[in-house]
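Take any residue in the sequence shown, note its place counting from 1, add 9, and you have its number in my numbering.
Comments concern the structure below.
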Amino acid sequence: MVYLVGLLLLVLLGVAIAIAAKLQKVMGSVQSGTEPDAPVPNNKVNGALWMVFLIAGTVGTVWSYLSARNYFLPEASSPHGRETDSQFWLDMSLLTIAFFIVNFLLFFFAWKYQYKKGYKATFYPENHKLELIWTAIPAVIMAVLVFLGFRSWTQIMSDAPADAQVVEIMGKQFGWIVRYGGIQDNKLGNYNFKLIDDNNNNPSGIDYSDEASFDDFINVSEMHVEVGKPVSLKIRARDVLHSVFIPHMRVKMDAVPGMPTKFWFTPDKSTEQMRAETGNPNFDYEIACTEVCGRGHFAMRLRLIVEDKASVDAWKQQQKPVLSTILEADPKFISKIPEKLRAKAMDYAPYVEETDSTTAATGSSSAATSSLR
């Protein structure tokens with residue numbers, strides 16, 4: 010490998026010396042006012058090749074775009090996604106027009122003004138009108154694009170509507186943990202990263218000193234949201250940098266350890282609608298990680314199911330609060346909950362056979378709490 014690198018350096022050095030010698034010869038001719046040597050015999054061929062490359066490159070560019078259209082994402086399934094797409098294609102159209110104009114002139118002039126004996130190039134020391142045109146037009150176009158982009162970004166990153174579905178999604182190596190406010194209060198409780206404990210059924214660090222956390226439940230395989238209703242995603246990560254990406258919704262936001270982020274969108278096409286539109290009965294929305302986060306990065310996928318309110322509510326009814334799972338595995342966990350909240354926490358505890366005769370006789374929640382300590 011070392012020898013190969015050395016050989017390449019020698020070749021580059023030789024090319025650099027040859028170019029420097031040629032430039033010195035040309036500059037000497039210019040300074041002396043004499044015409045440089047006549048071009049090599051294939052000068053016309055080189056000029057013609059510029060046009061061949063221009064035509065072939067144009068055909069190849071158009072062909073590559075048309076052939077790739079089959080792999081484009083379908084129309085976005087959210088209003089902000091369609092607006093984002095419109096902004097993208099406007100930008101791409103203007104850039105494509107500029108690209109073809111500039112490159113056509115570049116290649117055409119190289120052919121048109123190839124070396125001819127006795128021909129002298131015209132020199133424009135200054136042309137204020139031309140300079141004004143090629144400065145003002147791009148400046149105005151760029152200003153319009155920046156304004157449109159800023160307006161779209163401001164709308165996308167605004168606060169979610171008050172009636173939005175609130176869902177927390179947390180990235181970890183290598184999967185997603187989705188947390189919902191329970192059916193009792195439909196409100197997410199607090200969390201604390203210090204409480205994260207996979208061994209004791211608390212992978213998202215739910216803080217049970219907050220009463221709103223009691224009925225929260227999690228899911229690691231799918232997220233269910235209601236069609237036509239805004240969704241507010243509360244995003245966080247518990248280990249390394251991840252990124253929440255829902256391609257069909259045009260949603261993408263980094264999940265940063267120690268710095269919660271957010272994103273909201275409105276899914277206005279259900280999963281069933283998309284299956285009908287795409288002709289794919291197995292279509293599913295997907296939440297993926299687009300930040301390389303380790304060896305298992307490729308496996309960070311989560312199903313997103315968009316359905317009607319009745320279906321979402323029915324699915325939520327089937328979910329089990331995390332607190333119930335914790336108390337089932339470790340009844341003594343009740344002692345870690347503030348005393349004033351233990352009676353309510355007992356509503357989420359599974360049946361435990363009482364050994365205390367007083368507890369058996371009265372069945373009071375306070376006695377049950379004492380027996381679980």
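Where a beta carbon is used, it is the ideal one built from N, C-alpha and C, also for glycine.
Remember, it's a predicted structure, so these values are computed and weren't measured experimentally.
query	result
Which same chain residues, not among the five before or five after Leu13, have their C-beta less than 7 Å away from its C-beta?	none
Below 7 Å CB to CB, which residues in the same chain sit around Gly158 once its five sequence neighbours on both sides are set aside?	Gln96
Less than 8 Å between the beta carbons of Tyr276 and Val315, yes or no?	Per the sequence shown, the amino acid found at residue 276 is Pro instead of Tyr. Closer than 8 Å, so yes.
Between which two residues does the beta strand (DSSP E) containing Ile244 stretch?	240-246
If I'm right that Gln326 touches Pro239 with Cβ under 8 Å, what's the distance once you round it to whole angstroms?	22 Å between Cβ atoms; not a contact.
Tell me the start and end of each unbroken alpha helix (DSSP H) in the stretch 282-365 that is at least 4 residues and wholly inside, in chain order.	318-326, 331-338, 348-354
Are the Cβ atoms of Phe272 and Lys353 separated by less than 8 Å?	no
Report back the beta-carbon spacing between Leu242 and Val265 to the nearest angstrom; my notes put them in contact at under 8 Å.	The Cβ separation is near 14 Å, so there is no contact.
Would you check if there are 3 or more beta carbon pairs closer than 8 Å linking the stretch 299-312 to the stretch 179-196?	yes
Pick helix, strand or coil for Ala130, following the three-state DSSP scheme.	coil
Can you tell me which residues form a DSSP beta bridge with Thr383?	The displayed coordinates of the chain run from 10 to 382. Any statement about residue 383 would go beyond what the structure contains.
Quick check: the Cα distance between Lys247 and Asn195, rounded to an integer number of angstroms?	Per the sequence shown, the amino acid found at residue 247 is Arg instead of Lys. Looking at the two C-alpha atoms, the distance is approximately 24 Å.
How about the stretch 62-78 and the stretch 113-122: do they share at least three Cβ pairs that are nearer than 8 Å?	yes
According to DSSP, simplified to helix, strand and coil, what is Val61?	helix
Specify, as a first and last residue, the run of the alpha helix (DSSP H) that Ala145 falls within.	137-165
What separation, rounded to the nearest whole angstrom, lies between the Cα atoms of Ser87 and Ile165?	11 Å
From the DSSP output, in three-state form, read off Lys383 for me.	One cannot answer for residue 383 here, as it falls past the ends of the chain, which runs 10 to 382.
Report the rounded CA-to-CA distance for Ala148 versus Ala107, giving the unit in angstroms.	13 Å
DSSP beta-bridge partners for His251?	Ala264
Would the stretch 133-148 count as touching the stretch 198-206 if we require 3 or more Cβ pairs under 8 Å?	no
For Glu295 and Pro256, I'd like the C-alpha separation in whole angstroms.	7 Å
Please go through the same chain and pick out, in chain order, the residues whose beta-carbon is closer than 6 Å to the beta-carbon of Arg91, but skip the five residues on each side of it.	Ala85
Could you check if Gly23 is buried or exposed, using at least 16 other CB atoms within 10 Å of its CB as the buried criterion?	exposed
By alpha-carbon positions, which one of Leu58, Thr287, Gly303 ends up nearest to Asn79?	Thr287
Measure the alpha-carbon distance for Lys318 versus Pro330 and round it to whole angstroms.	20 Å
Within its chain, find whatever has a CB closer than 7 Å to the CB of Ala297; leave out the 5 residues flanking it on each side and keep chain order.	Phe254, Met309, Arg310
Thinking just about the alpha-carbon of each residue, which of Phe132, Thr270, Tyr217, Ile335 is nearest to the one in Gly350?	As written in the sequence, residue 350 is Leu, which differs from the Gly given in the question. The shortest Cα separation from Leu350 among Phe132, Thr270, Tyr217, Ile335 belongs to Tyr217.
Are the CB atoms of Val176 and Val234 within a distance shorter than 8 Å?	yes
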